[in-house]
Each structure stands twice: as structure tokens, then as C-alpha cells.
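A short worksheet on the structure shown next.
Numbering (the UniProt record's numbering), first residue to last: 1 to 126.
Here it is, written out as C-alpha cells:
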């Protein structure tokens, strides 16, 4: 049972948690800088490039579908940090290649994106 109160963390455990939180904060800060740069480019150019359109579309379609569990803070262990600091994996989103032509329409890109998503779904179901 839980008859005794939890013990206070040691100084070393506190230092580990602080480093973990600092690293998580640094990664989030880098992501915010990238998003701000993308938004600045869109606003200043007053247009959306095909690459930015697909990135934004992918983010918007994948973002809200995350469960509440995924939106919570990451679970932080009590392992010590050394040279083997684990990095979060890159997004598993693979976008279809863009055609380098002037008549590559939004509808065509959407069709290719849907086809790619169907293929990915088939792979996960098998």
C-alpha cells in the first residue's frame, strides 16, 4: 500500500529533471523558431508555395487528431544524462514529390497526398 508519503527527490535527481526539461524546452524553442520563419515567409511573400502548402496541410490534418494522452507533457525518467542523450524521432510524415511544372494545381497535390495516405494506411493494416 501507499502508507508512507513519497520521498523528496535527491539533488542529483533534481539536476537530471532540470536537464531533461531544459532539453525539451530547447527542442520546442527550435520548433517555434521554424514555425515563425515559415509564417514570416508566407506573410511577407503574400503567397503560399507548394511546399509550404503541403507542410501546412499535413500539420493541420495530423495536429488535431492527436489524443489527449499525446498532448500531455512527455514522460521523464530518472536516468542520468551522458553522451547518449536520446533525441525525439523525426516526424514519420513522408510527403509526395512535387511536380516542377507551372500547372501543378492544388487539386493534383491533394490527390497525390490522399493516395500516399491510402498507401500508408494499407501498410499499417497489413
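We put the CB at the ideal spot given by N, CA and C, even for glycine.
**Report entry** Where residue 58 sits in the DSSP three-state scheme
**Finding:** Here residue 58 corresponds to residue number 58 of the chain shown, with the count starting at 1. Helix, per DSSP.
**Report entry** Cβ pair count under 8 Å reaching 3, the segment 27-42 against the segment 51-59
**Finding:** Below 8 Å, enough C-beta pairs join the segment 27-42 and the segment 51-59 to call them touching: three or more.
Query - Whole-angstrom distance between residue 115 and residue 19, CA atom to CA atom - result: As a working note, residue 19 is residue 19 in the chain shown. As a working note, residue 115 is residue 115 in the chain shown. Distance between the alpha carbons of residue 19 and residue 115 is about 42 Å.
Query raised in the report: Of the choices 44, 54 and 123, whose alpha-carbon is the least far from that of residue 108?
Result: Mapped onto the chain shown, residue 108 falls at position 108. Answer by Cα proximity: 54.
Requested in this report: Give every residue of the same chain whose Cβ lies closer than 6 Å to the Cβ of residue 68, excluding the five residues on either side of it in the sequence, and list them in chain order.
Outcome: As a first step, residue 68 must be located in the chain shown, where it is residue number 68. Low local confidence applies: a pLDDT of 48 at residue 68 is under 50, so the model's placement there is unreliable, and no value is given.
Query - C-alpha gap between residue 44 and residue 50, whole angstroms - result: Residue 44 sits at position 44 when you count from the first residue of the chain shown. Residue 50 sits at position 50 when you count from the first residue of the chain shown. Going from the Cα of residue 44 to the Cα of residue 50 covers about 16 Å.
Requested in this report: With DSSP collapsed to three states, give me the class of residue 47.
Outcome: For the purposes of this step, residue 47 is taken as residue 47 along the chain shown, with counting starting at 1. Coil.
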